[in-house]
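S.K.: Dropping a structure here in structure tokens format, bear with me for questions.
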Amino acid sequence: MAKAPEAEVATLKEFIEASGISATADDRGFYYTIQAPGSGEKPTVRSNVTVNYEGSLTNGKVFDSNKNISFGLYQLILGWQEGIPLIAPGGSITLYLPPSLAYGSRAQGGIPANSILIFKIDLIRIN
1 MAKAPEAEVA TLKEFIEASG ISATADDRGF YYTIQAPGSG EKPTVRSNVT
51 VNYEGSLTNG KVFDSNKNIS FGLYQLILGW QEGIPLIAPG GSITLYLPPS
101 LAYGSRAQGG IPANSILIFK IDLIRIN
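Residue 1 is where the sequence shown starts when you use full-length UniProt numbering, and the numbers rise one by one after that.
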């Protein structure tokens with residue numbers, strides 16, 4: 001189980017509180033809000049899932065979005081591997097990820113290094 005460093009967790013907590021976001025803290029160092037839990041069996045890190053998602057920075061800039069796209073969870077960033085299994089198919093979750101559970105110190109496309117990332121994810125199905 002991956003866990004974010006305390007300094008990152010503290011910075012993420014400051015962002016959550018300053019933004020007035022009502023989110024649940026996870027012991028692994030990220031925050032989440034479940035908009036809909038979905039129903040049925042939840043995915044595991046070995047699952048292949050189909051999702052709709054939107055990724056944004058803390059300034060609101062959307063850096064990526066996609067609909068009806070399939071992935072093996074094991075291929076994705078740690079925050080998705082840990083967060084998506086919190087919901088079942090038909091569910092929706094917003095993940096607030098510290099850098100170490102996202103892309104860390106690597107800049108990625110339009111994502112600066114060491115960024116907190118926000119993902120809105122709808123789990124369509126487990127394939």
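C-beta: ideal position from N, C-alpha, C; glycine also.
Please give me, in chain order, every unbroken run of the beta strand (DSSP E) with length at least 3 that falls completely inside the region 78 to 114.
M.R.: 92 to 97
S.K.: With distances taken Cα to Cα, identify the nearest neighbour of I84 among T11, S22, A7 and G38.
M.R.: G38
S.K.: Distance check for A36 and D64, CA to CA, integer angstroms please.
M.R.: 22 angstroms
S.K.: What three-state label does DSSP hand K120 in the structure shown?
M.R.: The answer is strand: DSSP assigns K120 an E or B state.
S.K.: Which residues bound the beta strand (DSSP E) around E54?
M.R.: N48 to L57
S.K.: Give the secondary structure of F15 by DSSP, where H, G and I count as helix, E and B as strand, and everything else as coil.
M.R.: helix
S.K.: Sorted by chain position, which residues of the same chain lie with C-beta nearer than 6 angstroms to A4's C-beta, five sequence neighbours on each side aside?
M.R.: G29, P98, S100 and L101
S.K.: Is the beta carbon of Y74 closer than 8 angstroms to that of R106?
M.R.: no
S.K.: Label G79 either buried or exposed according to how many other C-beta atoms from any shown protein chain fall within 10 Å of its C-beta, with 16 as the threshold for buried.
M.R.: buried
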